[in-house]
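Trainee:
In mature numbering (1 follows the signal peptide of the UniProt record, and there is no 0), the protein residues as written are -28 to -1, 1 to 152.
1) For residue 58, which residues does DSSP report across the bridge?
2) Determine which residues share a DSSP beta bridge with residue 105 and list them.
3) Hey, could you find the ends of the beta strand (DSSP E) residue 78 is sitting in?
4) Rounding to the nearest angstrom, what Cα-Cα distance links residue -14 and residue -22 in this structure?
5) Using a 10 Å radius around the Cβ and a threshold of 16 neighbouring Cβ atoms, would you call residue 48 buried or exposed?
6) Using a threshold of 7 Å, state whether the C-beta atoms of residue 99 and residue 128 are closer than that.
7) Which residue wins for smallest C-alpha separation from residue 97, given the options 75, 81 and 130?
8) Just to confirm, is the Cβ distance from residue 93 to residue 51 under 7 Å?
9) Report the option in 109, 57, 13 and 88 whose CA atom is closest to the CA atom of residue 142.
10) Quick one: is residue 147 buried, meaning 16 or more other Cβ sit within 10 Å of its Cβ, or exposed?
11) Take residue 25 as the anchor and find which of 145, 58, 137 and 87 has the nearest alpha-carbon.
12) Between which two residues does the beta strand (DSSP E) holding residue 89 run?
13) Helix or strand or just coil, what does DSSP make of residue 133?
14) Where does residue 123 sit, in a helix, a strand or coil, going by DSSP?
15) For residue 22, collect the residues of the same chain with a Cβ closer than 7 Å to its Cβ; drop the 5 residues on either side in sequence, then sort them by chain order.
16) Quick check: residue 45 and residue 149, are their CB atoms within less than 7 Å of each other?
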């Protein structure tokens, strides 16, 4: 009798445990609490979301939200032909993402889309392989001197890893927010 009762208790405890843990599974978030089609950017307490390039096969898919915070101080847009547009504001002045796309288009970019944004205490660096449409981007944080140097080194090494010679790789845009 005792053995039968112990088996029932063990069975009930295992069922209860299973139900409890399965009810917590809905709390898991993918991509660091960013919406579908976005990935987490930033660090050191300042986090944000940036669109995944070419997410959804180009066009029609996910539309980025129109609400923006004051923490976004710069946006970079890129065209399919390798043209880079940018916008920067020390004080929030409207939709920086739209301004970056407009800047890309005014420079002759085709199919311009927001590539990434950067926030207070961050630097944005864009590199390009000369004579190509291949672009490389990096958002960095930490102290001003380190983040500029790291951003440059990162985009140039990404370019060289793709098989381009050192003299073919160049930094085409670099900007740091001044808030520390």
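The beta carbon of each residue, even a glycine, is placed where N, CA and C say it ideally should be.
A quick note: this is a predicted structure, and the numbers were derived from the prediction, not measured.
Mentor: Put simply:
1) As a first step, residue 58 is located in the chain shown; it is residue number 86 there, counting from the start. In DSSP, residue 58 forms a bridge with 48.
2) Reading the chain shown from its first residue, position 133 is the one you call residue 105. Note: residue 105 sits in no beta bridge, so no partner.
3) Here residue 78 refers to the residue found at position 106 of the chain shown. Boundaries for residue 78: no beta strand (DSSP E) harbours it, while the alpha helix (DSSP H) harbouring it runs 68 to 78, taken from the DSSP string.
4) The count along the chain shown starts at 1 and reaches residue -14 at position 15. The count along the chain shown starts at 1 and reaches residue -22 at position 7. Cα to Cα, the separation comes out at about 12 Å.
5) For the purposes of this step, residue 48 is taken as the residue at position 76 of the chain shown. Per the 10 Å Cβ criterion, buried.
6) Locating residue 99 in the chain shown gives position 127, where the first residue counts as 1. Locating residue 128 in the chain shown gives position 156, where the first residue counts as 1. Result yes, Cβ atoms of residue 99 and residue 128 sit closer than 7 Å.
7) Along the chain shown, read from residue 1 onward, the residue named residue 97 stands at position 125. Cα-wise, what sits closest to residue 97 is 130.
8) Counting from 1 along the chain shown, the entry for residue 93 is found at position 121. Counting from 1 along the chain shown, the entry for residue 51 is found at position 79. Result no, Cβ atoms of residue 93 and residue 51 do not sit closer than 7 Å.
9) Taking the first residue of the chain shown as position 1, residue 142 is located at position 170. Here the closest residue by C-alpha is 109.
10) For the purposes of this step, residue 147 is taken as residue 175 along the chain shown, with counting starting at 1. Buried.
11) As a position in the chain shown, residue 25 is number 53, starting the count at 1. Ranking 145, 58, 137 and 87 by Cα distance to residue 25 puts 87 first.
12) For this step, residue 89 is matched to residue 117 along the chain shown. Where residue 89 is concerned, the enclosing beta strand (DSSP E) stretches over 85 to 91.
13) By one-based count along the chain shown, residue 133 stands at place 161. DSSP places residue 133 in helix when its eight states are reduced to three.
14) Here residue 123 refers to the residue found at position 151 of the chain shown. Three-state result, residue 123: helix.
15) Numbered from 1 along the chain shown, position 50 holds the residue referred to as residue 22. If we look at residue 22 and ignore the five residues flanking it on each side, its Cβ neighbours are 10, 11, 13, 88 and 89.
16) As a working mapping, residue 45 is identified with position 73 in the chain shown. As a working mapping, residue 149 is identified with position 177 in the chain shown. Contact flag set, yes.
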